[in-house]
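What follows is a single structure, written as structure tokens, with notes after it.
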Amino acid sequence: MFSNTEDTGHKNRTRAIMLAAGFLVVAVAAVIIVYSARQAPEPGASPVQAQGLPNAKRAGDPEFEKYRGLVSLVNKKFFTQANMLGQRQALAKGDIANFTDRVILGVELRGKVIGKDGSVLATVLASPVPKVYEKILPGGSVPYSVTIDGVPQKAELDDITLELEGLVFGE
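Residue 1387 is where the sequence shown starts when you use the numbering used here, and the numbers rise one by one after that.
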């Protein structure tokens, strides 16, 4: 008998408010995602460097110094590329050759990207052994691939280096 137009008007207003609030939430989320994707990391704001392999022999240790020249990085290739996010990264590939008479259970490599002014633009500590390969037998070799992230897009590069940082020997 009676038509309740007040309830229908209230429902329509509530739906319109909920719809507007939903669009607003989606728009804010989209702006946040787009803004965060466009912001490149600052060169000095890289995360804390990994501490490296436990029990590794490093520069200054007599055992490391004795075997440093007998563990070689051969067939080295360096290049830069864009990752899937469009950020610039440096890659180093090659082989780690073990010319010692001992089994190597751990290898730490320090990769650096050096700018035209001589400053270090990006660095990484990688452990291809034991993370990718379990060990390197005497007289053997294994391939490595080290990725150095955080290379500034517009910086002029002078060099990409890779050096032996630490070794873990087997018995």
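From the three backbone atoms N, C-alpha and C, an ideal C-beta is built for every residue, glycine too. Here the structure is a predicted model, which means the values were calculated and not measured.
Residue burial is scored here from C-beta neighbours: ASN1484 has at least 16 other C-beta atoms within 10 angstroms and is therefore classed as buried. Here ALA1468 is exposed: its Cβ has fewer than 16 other Cβ atoms, across all protein chains shown, within 10 Å. Within a 10 Å sphere around the beta-carbon of GLY1395 sit fewer than 16 other beta-carbons, which makes this residue exposed.
As a beta-bridge residue in DSSP terms, PHE1465 pairs with LEU1477. Around the Cβ of GLU1451, a 10 Å sphere holds fewer than 16 other Cβ atoms; the residue is exposed. Of the other Cβ atoms in all chains shown, fewer than 16 fall within 10 Å of the Cβ of ALA1415; this residue is therefore exposed. Exposed is the label assigned to ARG1401, since fewer than 16 other Cβ atoms lie within 10 Å of its Cβ. Taking a C-beta distance under 7 Å as the contact criterion, LYS1517 and LEU1491 do not qualify as a contact pair.
A check of alpha carbon separations from LEU1553 across VAL1528, ALA1406, VAL1489 and PRO1538 identifies VAL1489 as the nearest. In this structure, ILE1534 and ALA1476 form a Cβ contact; the two beta carbons are roughly 4 Å apart against a cut-off of 8 Å.
Burial state of GLU1494 is buried, judged by a 10 Å Cβ sphere holding 16 or more other Cβ atoms. For TYR1453, no beta strand (DSSP E) encloses it; the enclosing alpha helix (DSSP H) starts and ends at 1448-1453. One thing to note: LEU1548 has its Cβ no nearer than 7 Å to the Cβ of GLY1504.
A straight-line Cα-Cα distance of about 22 Å links ALA1413 and LEU1471.
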